[in-house]
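Take 9 as the starting number for the sequence shown in our numbering and just add one per residue.
We put the CB at the ideal spot given by N, CA and C, even for glycine.
Only one structure is covered here, and it is reproduced in the block below.
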Amino acid sequence: MGRLMKIEGRKNAQDARRGKIFTKIIRELTVAARAGGGEAKSNPRLRLAMDKALSVNMGKDVVERAIKKATGDLEGVSYEEIRYEGYAPSGIAVIVDCMTDNKVRTVADVRHAFSKCGGNLGTDGSVSFMFTKRGVLSYAAGANEDAITEAAIDAGADDVVVYPEDGAIDVLTAPESFEPVKAAMISAGFAPDEAAVTWRADNDVAVAGDTAQQVVKMIDMLEDLDDVQNVYHNAELGQDAYQ
Numbered sequence: 009m010g011r012l013m014k015i016e017g018r019k020n021a022q023d024a025r026r027g028k029i030f031t032k033i034i035r036e037l038t039v040a041a042r043a044g045g046g047e048a049k050s051n052p053r054l055r056l057a058m059d060k061a062l063s064v065n066m067g068k069d070v071v072e073r074a075i076k077k078a079t080g081d082l083e084g085v086s087y088e089e090i091r092y093e094g095y096a097p098s099g100i101a102v103i104v105d106c107m108t109d110n111k112v113r114t115v116a117d118v119r120h121a122f123s124k125c126g127g128n129l130g131t132d133g134s135v136s137f138m139f140t141k142r143g144v145l146s147y148a149a150g151a152n153e154d155a156i157t158e159a160a161i162d163a164g165a166d167d168v169v170v171y172p173e174d175g176a177i178d179v180l181t182a183p184e185s186f187e188p189v190k191a192a193m194i195s196a197g198f199a200p201d202e203a204a205v206t207w208r209a210d211n212d213v214a215v216a217g218d219t220a221q222q223v224v225k226m227i228d229m230l231e232d233l234d235d236v237q238n239v240y241h242n243a244e245l246g247q248d249a250y251q
């Protein structure tokens, strides 16, 4: 009985996590379609959101319903994009991108996460200057570094980053080059494990011990909020941060 209860508990946790992921993607689909129209061919942001939906096996009907709500074909909720900036412990810069139908609730939840973990909210622009918008194609450990690098150069990527600790690889592009580089890499036989246009810190700051664990706790709290879409930071975290 105990083992069955553990299995059921783990499944419930996985279902809850999956539900949160679906909620965030549906909001992204909605905002993207409202901003740029419901046709993926002419709306790169919507195309990215649809790719995310596909990667987590979201049903086609769910995707289509979200887009129709956004374009007015179905009644739906109106979401607003908001960005918060601030600092985690040790001056770690943090950007929190949200989509919400209730700004009062969202700012209260975000502020609570910052203050509970020893951080503080800043003003607009207080940390975003430390980050650059990038297209990122990620390849897991074991990928062929030489072949991916050659393909990335041919595709017009800006840079290739190899992580020595595990051999994982990131191919970096300018945001406007993301789609053609991604298509070229897939055509060359190197479909990425993950791909997104995201914000990356220009310089990471190493933190360790209790401070690192507090930073991780804060990031986790923020990411668990329903209104939070993405959290970006400039912390360089070692294994001790997750103990």
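1. Between which two residues does the alpha helix (DSSP H) carrying residue 76 extend?
2. Can you list, in chain order, the residues of its chain whose CB lies under 6 angstroms from that of residue 238, leaving out five sequence neighbours each side?
3. Thinking C-alpha only, which one of 77, 122, 35 and 108 is nearest residue 99?
4. Might you give, ordered along the chain, the residues of its own chain that have their beta carbon closer than 7 angstroms to the beta carbon of residue 66, omitting 5 neighbours on each side?
5. Measure the C-alpha to C-alpha separation of residue 130 and residue 78 and round it to an integer number of angstroms.
6. Where does residue 219 sit, in a helix, a strand or coil, going by DSSP?
7. Can you tell me whether residue 245 is buried or exposed, with buried defined as 16 or more other CB within 10 angstroms of its CB?
8. Could you tell me whether the Cβ atoms of residue 149 and residue 178 are closer together than 8 angstroms?
9. How would you call residue 162, buried or exposed, if buried means at least 16 neighbouring beta carbons within 10 angstroms?
10. If we count the other Cβ atoms within 10 Å of its Cβ and call it buried at 16 or more, is residue 302 buried or exposed?
11. To the nearest angstrom, report how far apart residue 185 and residue 192 are at their CA atoms.
12. Can you find the residues in the same chain that come closer than 7 angstroms, C-beta to C-beta, to residue 74, ignoring five residues on each side of it along the sequence?
13. Any idea which residues DSSP pairs residue 225 with across the strands?
14. Could you tell me the alpha carbon to alpha carbon distance between residue 140 and residue 72, rounded to whole angstroms?
15. Under 8 angstroms, do residue 206 and residue 142 count as touching if we go by C-beta distance?
16. Taking all protein chains shown into account, do 16 or more other C-beta atoms lie within 10 angstroms of the C-beta of residue 215, making it buried, or fewer, making it exposed?
17. DSSP state of residue 198, grouped into three classes?
18. Taking the C-alpha atoms as reference points, what is the distance between residue 134 and residue 231?
19. To test your reading of the DSSP string, which unbroken alpha helix (DSSP H) runs of 4 or more residues are found completely within the region 109-137?
Checking against the coordinates, here is how it stands:
1. 68-79
2. 105
3. 122
4. 30 and 33
5. 31 angstroms
6. helix
7. buried
8. no
9. exposed
10. The structure shown does not extend to residue 302, since the chain is modelled only from 9 through 251, so no value can be given for it.
11. 11 angstroms
12. 34, 37 and 38
13. Its beta-bridge partners do not exist; DSSP assigns none.
14. 32 angstroms
15. yes
16. buried
17. coil
18. 20 angstroms
19. 111-124
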